[in-house]
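A.B. asks: I'd like to ask you about the structure that follows.
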Amino acid sequence: MQNKGLVRLFAILFGIVSIYQLSFTFVTNKIEDEAAVFATNEIADTEEDYVSKRKAAEVRYLDSIGNEEVLNLGVASFTYNESKEKELNKGLDLKGGINVILQISVKDILKGLAANSKNPAFNNALANADLASKNSDETYLDLFFQEFDKIKGDTKLASPDIFANRSLSDEINFQMEDEEVKPIIRRKIDESVISAFEVLRKRIDKFGVTQPNIQRLGNSGRILVELPGAKDVDRVRKLLQSTAQLEFWETFKAEEIGPYLGALDQKLAEVLDQQKEDIAQEELEETTSDIDSLLSDIGKDSLDVQKSNPLFGLRVSGGVQGSPILSSFATKDTATINGYLKSKEAKDLLPADLQYARFVWGKVSENEETVELYALKTNRENEAPLSGSVVVDAQQTYDGRSNPAVSMQMNGKGAKAWEELTGKAYTERGNIAIVLDDIVYSAPGVSKGAISGGNSEITGEFSLNEAIDLANVLRAGKLPASADIIQSAIVGPSLGQEAINSGLMSFLIAMSIVLIWMVFYYGKAGIFADVALVFNILLIFGVLAGLGAVLTLPGIAGIVLTIGMSVDANVLIFERAKEELTKGKGVKQATADGFNNALSSILDANITTGLTALILLIFGTGPIQGFATTLLIGIATSLFSAIFITRLMLESYIKEGKRKLDFSTAITKNLFKNININFLAKRKIAYVISGILIAIGLFSLATNGLNPGVDFAGGRSYQIRFEKAVSPSEIAEELVAVFGSAEVKTFGGDNQIKVTTKYKVDVEGTEVDEEIQEKLFTSLQKYLPDATTYNSFVTGGEDSKVGILQSIKVGPTIADDIQKGALWAVLGSLAVVFIYILLRFRKWQFSLGAVAAVFHDILIVLGIFSLTYKFMPFNMEIDQAFIAAILTVIGYSLNDTVVVFDRIREIINEKGWKGGVNTNLALNNTLGRTLNTSLTTLVVLLTIFIFGGESLQGFMFAMIVGIIVGTYSSLFIATPVMFDTLKEKGAIEIAKKEK
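The opening position of the sequence shown corresponds to residue 327 in this note's numbering, with each subsequent residue numbered one higher.
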């Protein structure tokens, strides 16, 4: 090998850089362990309080040393905070945290651009686009344009009451045609999504999570947000979905609204009095009257009060003269009160001076069960006198009573309007309501005259985190439209730690087995291969840390799989070197020829596998991208380690020509020698066997189908752990009664289940998520320890490890997109590989054989999953991880097939076809390598299957089946199909040979 000095230099540099990159991870892990030990000294009265205080103590400890030097490398030193930014990123499945995909509402943006137009054609087109979007791949904007074109008649997009309005007058005028307007609207939509992205990014940057990830996904208006380590799910949801619609309104006083509410109360009582007195209570609750439906949830004991005072009977306290608070009500009664205020009776009684009054609720304080009702002085356009768009800065502060508050600074325009608004309130002794997203946070009076300078403060019984988040939201700006969570994954920290433990165990066991096997099979050469393998692992983790890539549980699987596949290059080299030794060559020459002869096969095999990983990286999301990333990095580092590092060590060992190197041991020396199996003669039997297996699989797919996970079917799934073993069927009966549909399966141990439901899957918002969690907690409470609270159940119990360990939500729209992305990933990888093999082997028959073998493998894996998913003791859902397994099988099958094809090409070029004789020779010559690599990889996969944890078992099972079938197909499907379609095969000679 030439340039040995350069290779040695690069190897040393790569090793040093990898150790440097990983040093930050070692340091931060050590410090965080010290923080955990420090925190255990915290004492509290209850276990839950202990957990929360311990976590707070850890944070305090880490904050206190954040700027202290913790790593000194001589030429540079780093603080803990700096080291934390450089450590190896761990994904949600390893660290716990939150992963969501947000859909920015294009409909809201369109309505905003059209100034909330009342144009019938515009609004009908929006409604039709809503319906069409449920069954279409096209963007919402394209669907809106299509629907508008169908119904517009003479109406144009540039109508004064649509887009040719005052706010867009600089770009759109009423003389423009629709085709001129559409590009402008597209650009405006894109700008709004970019604006939303920036707003979210600024909010997340201030959230305090280390190594957050936010990405815009294509042009669909979707934004991916990953927050590893985030534990407060509700806080994150509110932060991400809050539109931050800040408004300042004048308010009515209690005495101004009181007479109207009294009249409404009497009118509602009259309506109830009209009901027949002899109607039974059950019939009364079922009547179709609007008023009766509003009272359906009222307790029987208070029914008489509600009949005489339907509205005031629900009051907890009345309004005070001069106060903007009209009354206080129980939070559970707000829906009923809203129904009263929106009823026909309420509208008929509304006096002229109150026609623009808007009733809104105040902020519900923590642990409070009552909420205040306010009335805002609105106008015909329902536009606030002052909005949050004028806020240029906001900070979390404290009010005069040392309670958390938010101070704001307005721009010049806002300062002037604020001075006018506060001056008017001072003169009229009125109040100004500070309203955020239709909730009154406070409604202070103005006691010292107009406020100049644009400074203001929001108070309202905030917790510290609420005040911090509100300040962040106001400072970052408001979202241009609502943001709905269409996909989410929440992983508890205890599950993440278990994943690290199981992943690490599978990694160490698999690596140990491979290291021992290489020495057992190849002797001293195996030792050199092992050193290269360890160096390869160091490079993989170093590159991951250096690139800032995220290590996930499938990523660990990718690394462990790389261990199995990385020995393949060394196996190819050593097998070829053994062949050269058999020909009588010296060790030095045999080694050199072994490397040279194996290089083509190594490159072809790794490039085909790399192409499938690249397709997976493009079409996959989240953890699956982590798998593809580590596999791609592993392929690159494996090639460098096998081709250069192993060769460097081997040539250094034998450079004087005196040392013996057999590339085998006494036990393995004669294995796979003098094998002469007539593979082609058995191809018809193989066709029949494969045909039967595929037919059975297809029949099962048509009758049993597969078990689609929420990734493909949509819905919500929850991984829940209990203290003791539970019965899935018993729990399923209870949850079906609650949700209408629910699937419950054992997941891992008999004290752990996976609940999947499609309950309200089409409904967005945090309210639905909270509703489902509350129903789960209520339904499962009898199976939980008595000390389990709702909060500990939802967060997975932290230390107790009881409750929801992981939750996933996938909306129906994105589920369709995931299905299509998976299909394109499979088809794309097949197309790319077909083209590559065609270019390398110059005959389409080789490509056909390879693709036929891959289709064969995929169909058999799908068939086995269809036949067995109902009784296997582990999860066999078809999800994105399964697609990753299929693509890995494709890559591995192609790897095997290409090595065989490469040897066929080499022998045929040297000796000609001679019927099937030389084809069989090539298959026999590569048999040792095929079985050796397959066995090594299978051992690795079985190790992960057994020790890697239940979340990886279905994923590993698919790959185990795929590796077995792929090894078979490379020998009995790919080569025979290639052979049967070639005209040069020599039909007469092969026919004679078969006889």
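We put the CB at the ideal spot given by N, CA and C, even for glycine.
Quick one: what does DSSP say R706 is sitting in, helix, strand or coil?
C.D. replies: As a working mapping, residue 706 is identified with position 380 in the sequence shown. R706: coil per DSSP, three-state reduction.
A.B. asks: Return the chain-ordered ranges of every beta strand (DSSP E) run that is complete within the region 1168 to 1195 and spans a minimum of 3 residues.
C.D. replies: none
A.B. asks: Would V1180 pass as a contact of L1220 if the rule is Cβ separation under 9 angstroms?
C.D. replies: Taking the sequence shown and counting its residues from 1, one reaches residue 1180 at position 854. Taking the sequence shown and counting its residues from 1, one reaches residue 1220 at position 894. For V1180 and L1220, yes; Cβs fall inside 9 angstroms.
A.B. asks: By the 10 Å Cβ neighbour count, where 16 or more other Cβ atoms means buried, how is R727 classified, buried or exposed?
C.D. replies: Taking the sequence shown and counting its residues from 1, one reaches residue 727 at position 401. Around the C-beta of R727, fewer than 16 other C-beta atoms lie within 10 Å, and the residue is accordingly described as exposed.
A.B. asks: Would you say T956 and A1012 are within 9 angstroms of each other, going by their C-beta atoms?
C.D. replies: Translated into positions along the sequence shown, residue 956 becomes position 630. Translated into positions along the sequence shown, residue 1012 becomes position 686. No, they are not a contact pair.
A.B. asks: Please tell me whether G868 and F340 are closer than 9 angstroms, where the distance is taken between their beta carbons.
C.D. replies: Position 542 of the sequence shown, counting from 1, holds the residue named residue 868. Position 14 of the sequence shown, counting from 1, holds the residue named residue 340. Cβ atoms of G868 and F340: closer than 9 angstroms.
A.B. asks: Under the rule that 16 or more other beta-carbon atoms within 10 Å means buried, what is K444, buried or exposed?
C.D. replies: Position 118 of the sequence shown, counted from the start, is the residue given in the question as residue 444. Looking at its Cβ environment, which holds fewer than 16 other Cβ atoms inside 10 Å, K444 is exposed.
A.B. asks: Which whole-angstrom value describes the C-beta separation of I435 and S518, a residue pair presumed to lie in contact below a C-beta threshold of 8 angstroms?
C.D. replies: Within the sequence shown, numbered from 1, the residue matching residue 435 stands at position 109. Within the sequence shown, numbered from 1, the residue matching residue 518 stands at position 192. Contact flag correct, Cβ pair sits at about 5 angstroms.
A.B. asks: Can you check which of these residues, K1135, G1217, D1112 and L997, is closest to Y1162 by C-alpha distance?
C.D. replies: Looking up residue 1162 in the sequence shown gives position 836. Per the Cα distances, G1217.
A.B. asks: To the nearest whole angstrom, what separates the beta carbons of E497 and I510, a pair I think is in contact under 8 angstroms?
C.D. replies: What you label residue 497 is simply residue 171 of the sequence shown in a count that begins at 1. What you label residue 510 is simply residue 184 of the sequence shown in a count that begins at 1. With a Cβ gap of about 5 angstroms, E497 and I510 count as contacting.
A.B. asks: Tell me the rounded alpha-carbon separation between V772 and S782.
C.D. replies: In the sequence shown, counting from the first residue as 1, residue 772 sits at position 446. In the sequence shown, counting from the first residue as 1, residue 782 sits at position 456. Going from the Cα of V772 to the Cα of S782 covers about 11 angstroms.
A.B. asks: Name the two residues that bound the continuous beta strand (DSSP E) containing E573.
C.D. replies: The residue labelled residue 573 in the question sits at position 247 within the sequence shown. First-last of the beta strand (DSSP E) with E573: L572 to E576.
A.B. asks: Going by DSSP, which residues form a beta bridge with A759?
C.D. replies: Position 433 of the sequence shown, counting from 1, holds the residue named residue 759. DSSP lists W575 as partners of A759.
A.B. asks: At what residue ranges does the region 853 to 917 contain a whole run of the alpha helix (DSSP H), taking only runs of 4 or more?
C.D. replies: Those alpha helix (DSSP H) runs which fall completely within the region 853 to 917 and span 4+ residues are 879 to 908.
A.B. asks: Using DSSP bridges, identify the partner residues of N398.
C.D. replies: The count along the sequence shown starts at 1 and reaches residue 398 at position 72. Answer is S403, bridged to N398.
A.B. asks: Would you list the residues sitting across from D504 in a DSSP beta bridge?
C.D. replies: Position 178 of the sequence shown, counted from the first residue, corresponds to residue 504. In the DSSP output, where bridge partners are listed per residue, D504 has none listed.
A.B. asks: Given a cut-off of 9 angstroms on the beta-carbon distance, is the pair G547 and T657 in contact?
C.D. replies: Here residue 547 is taken as the residue at index 221 of the sequence shown, counted from 1. Here residue 657 is taken as the residue at index 331 of the sequence shown, counted from 1. No.
A.B. asks: Just reading off the beta strand (DSSP E) that T1083 is part of, what are its end residues?
C.D. replies: As a working mapping, residue 1083 is identified with position 757 in the sequence shown. That run of the beta strand (DSSP E) goes Q1078 to T1083.
A.B. asks: Counting Cβ pairs, one atom from each stretch, are 3 or more of them under 8 angstroms apart for the region 1233 to 1242 and the region 986 to 998?
C.D. replies: The region 1233 to 1242 makes no contact with the region 986 to 998, as fewer than three CB pairs between them are under 8 angstroms.
A.B. asks: Can you give me the C-alpha to C-alpha distance between A1300 and N996, rounded to a whole angstrom?
C.D. replies: Indexing the sequence shown from 1 puts residue 1300 at position 974. Indexing the sequence shown from 1 puts residue 996 at position 670. Cα to Cα, A1300 sits roughly 28 angstroms from N996.
A.B. asks: By Cβ distance below 7 angstroms, which residues in the same chain neighbour R512 in space, the five residues on each side in sequence not counted?
C.D. replies: Taking the first residue of the sequence shown as position 1, residue 512 is located at position 186. L467.
A.B. asks: Identify whether L499 lies in helix, strand or coil by the three-state DSSP scheme.
C.D. replies: Translated into the one-based positions of the sequence shown, residue 499 becomes position 173. Per the sequence shown, residue 499 should be read as Asn rather than Leu. N499 falls in the coil class under three-state DSSP.
A.B. asks: Could you tell me whether the Cβ of F1119 comes closer than 9 angstroms to any Cβ of chain D?
C.D. replies: Going by chain labels, chain D is absent from the structure shown, which holds only one protein chain.
A.B. asks: Leaving out five residues on either side along the sequence, give the residues of the same chain with a beta carbon under 7 angstroms from the beta carbon of G1292.
C.D. replies: In the sequence shown, residue 1292 corresponds to position 966, counting from 1. These residues qualify, in order along the chain: D1183, V1215, Y1218, S1219 and D1222.
A.B. asks: With distances taken from CA atoms, which of A939, L965 and T963 is nearest F953?
C.D. replies: As a position in the sequence shown, residue 953 is number 627, starting the count at 1. If we check each option's Cα against that of F953, A939 comes out closest.
A.B. asks: What does I540 pair with, by DSSP beta-bridge criteria?
C.D. replies: In the sequence shown, counting from the first residue as 1, residue 540 sits at position 214. BP columns for I540 point to V551.
A.B. asks: Report the three-state DSSP secondary structure of E698 (helix, strand or coil).
C.D. replies: Counted from its first residue, the sequence shown places residue 698 at position 372. Three-state DSSP puts E698 in a strand.
A.B. asks: Distance, Cα to Cα, N415 vs S1192?
C.D. replies: Walking along the sequence shown from the start, residue 415 turns up at place 89. Walking along the sequence shown from the start, residue 1192 turns up at place 866. Roughly 36 angstroms between the two C-alpha positions.
A.B. asks: For F303, count neighbouring Cβ atoms within 10 angstroms of its own Cβ and tell me buried if that reaches 16, exposed if not.
C.D. replies: The requested residue 303 does not occur in the structure, where the chain is confined to residues 327 to 1321.
A.B. asks: Between which two residues does the alpha helix (DSSP H) carrying G779 extend?
C.D. replies: Residue 779 sits at position 453 when you count from the first residue of the sequence shown. Premise fails: G779 is in no alpha helix (DSSP H) and is neither H nor E.
A.B. asks: Could you spell out the range, first to last residue, of the alpha helix (DSSP H) harbouring G341?
C.D. replies: One-based indexing of the sequence shown puts residue 341 at position 15. From DSSP, the alpha helix (DSSP H) with G341 extends over K330 to A365.
A.B. asks: On the criterion of 16 or more Cβ atoms from any shown chain inside 10 Å, does F846 qualify as buried, or is it exposed?
C.D. replies: Working through the sequence shown from its first residue, we reach residue 846 at position 520. Classification of F846: exposed, given that the 10 Å Cβ count is below 16.
A.B. asks: Taking the continuous beta strand (DSSP E) assigned at Y1044, which residues delimit it?
C.D. replies: Residue numbering aside, residue 1044 sits at position 718 when the sequence shown is read from its first letter. From DSSP, the beta strand (DSSP E) with Y1044 extends over G1041 to R1047.
A.B. asks: Return yes when the Cβ of G884 is within less than 9 angstroms of the Cβ of I765, no when it is not.
C.D. replies: By 1-based counting over the sequence shown, the position of residue 765 is 439. By 1-based counting over the sequence shown, the position of residue 884 is 558. Cβ atoms of I765 and G884: not closer than 9 angstroms.
A.B. asks: Give the range of the alpha helix (DSSP H) segment to which L469 is assigned.
C.D. replies: The residue given as residue 469 occupies position 143 in the sequence shown. From DSSP, the alpha helix (DSSP H) with L469 extends over Y466 to I477.
A.B. asks: Looking at the unbroken beta strand (DSSP E) that takes in K1135, where does it start and where does it end?
C.D. replies: By one-based count along the sequence shown, residue 1135 stands at place 809. From DSSP, the beta strand (DSSP E) with K1135 extends over G1129 to V1136.
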